[in-house]
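Numbering (full-length UniProt numbering), first residue to last: 1 to 202. Notes for the one structure printed next.
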Amino acid sequence: PCFPPQLLSKHASIGINHVSSGGETPLHVACRLGNAEVVRALLRCQASGHVVGTHGYPIHTAMKFTKAGCAEALLEADLSQMHTEDPRYGGTPLHWAKNREMSMLLLERGCNVNYLSKSGETALHIMVRRARFPCAMVLLTHGADPNCKGEHGNTPLHLAMKLDNLDLIKALIVFGADVKCHNDFGESAGLIAARHSKGSNR
């Protein structure tokens, strides 16, 4: 059922942190649907942002579904939420960002741009792998390390070369990515480029 925010704010429910069979608390649902007003009402009723659901914690749900207002509400209530690791990959909310706005929302509040997930990857690795150029640029301009080694020793440049994504390749090199850096298989980014390049404009 959908309860008016004014009712929620006055009458806390015993089951306010209950995880449904679908793997969501009411706070997860509000974040998924993008209802920031309900998120704030739930938080006033002692809803916890530290309950794990299908998509991690509520802050991860807000990031996954690109609900900036909900993410802001969670951070206003507890700024430490920006360091919360998702239980599966160990990524922070920054690893889950899908656009420039969501990335900036976290970076402007001081999140660690080079935080490593369980697999040893930074948010920049994720943005490059998923070809999210605007997000990658925001991270680079906020101090993301283009030479940080992730899974199998790959740097973001290794991943960009595998994708043959010229925009990302150029951006990473401009920000200091080392073309000669080798991964765990002894491959340099240049070698990967030679294998995957489909164009002659390198």
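For every residue, glycine included, the Cβ atom is placed at its ideal position computed from N, Cα and C.
| Check | Outcome |
| --- | --- |
| Boundaries (first-last residue) of the alpha helix (DSSP H) holding Met137 | Phe133 to Thr141 |
| The segment 44-54 in contact with the segment 88-99 per 3-pair CB rule at 8 Å | no |
| Outcome for Ala97 when other beta-carbon atoms lying within 10 angstroms are tallied against a minimum of 16 | buried |
| Candidates Leu168, His182 and Leu172: closest to His152 by CA position | His182 |
| Pairwise C-alpha distance: Leu74 and Leu139 | 22 Å |
| Residues sharing a beta bridge with Ser188, DSSP | His182 |
| Assumed close pair Leu43, Ala77 - CB separation to whole angstroms, cut-off 8 Å | 5 Å |
| DSSP bridge partner residues for Gly56 (one or two, in chain order) | Gly53 |
| Supposed close pair Thr66, Asn99 - CB separation, criterion 8 Å | 6 Å |
| Backbone CA spacing between Val179 and Leu172 [nearest angstrom] | 10 Å |
| Contacting residues, own chain, Cβ-Cβ under 8 Å from Ala131 (five flanking each side not counted) | Leu163, Asn165 and Leu168 |
| Continuous beta strand (DSSP E) assignments of at least 3 residues falling wholly in the segment 80-121 | none |
| Short Cβ contact (9 Å threshold) for residue 203 with His28 | The question about residue 203 has no answer here: the residues shown for the chain are numbered 1 through 202. |
| Check whether Gly143 and His125 have beta carbons under 9 Å apart | no |
| Residue range of the unbroken alpha helix (DSSP H) whose run includes Glu24 | Here Glu24 belongs to no alpha helix (DSSP H), and DSSP marks it neither H nor E. |
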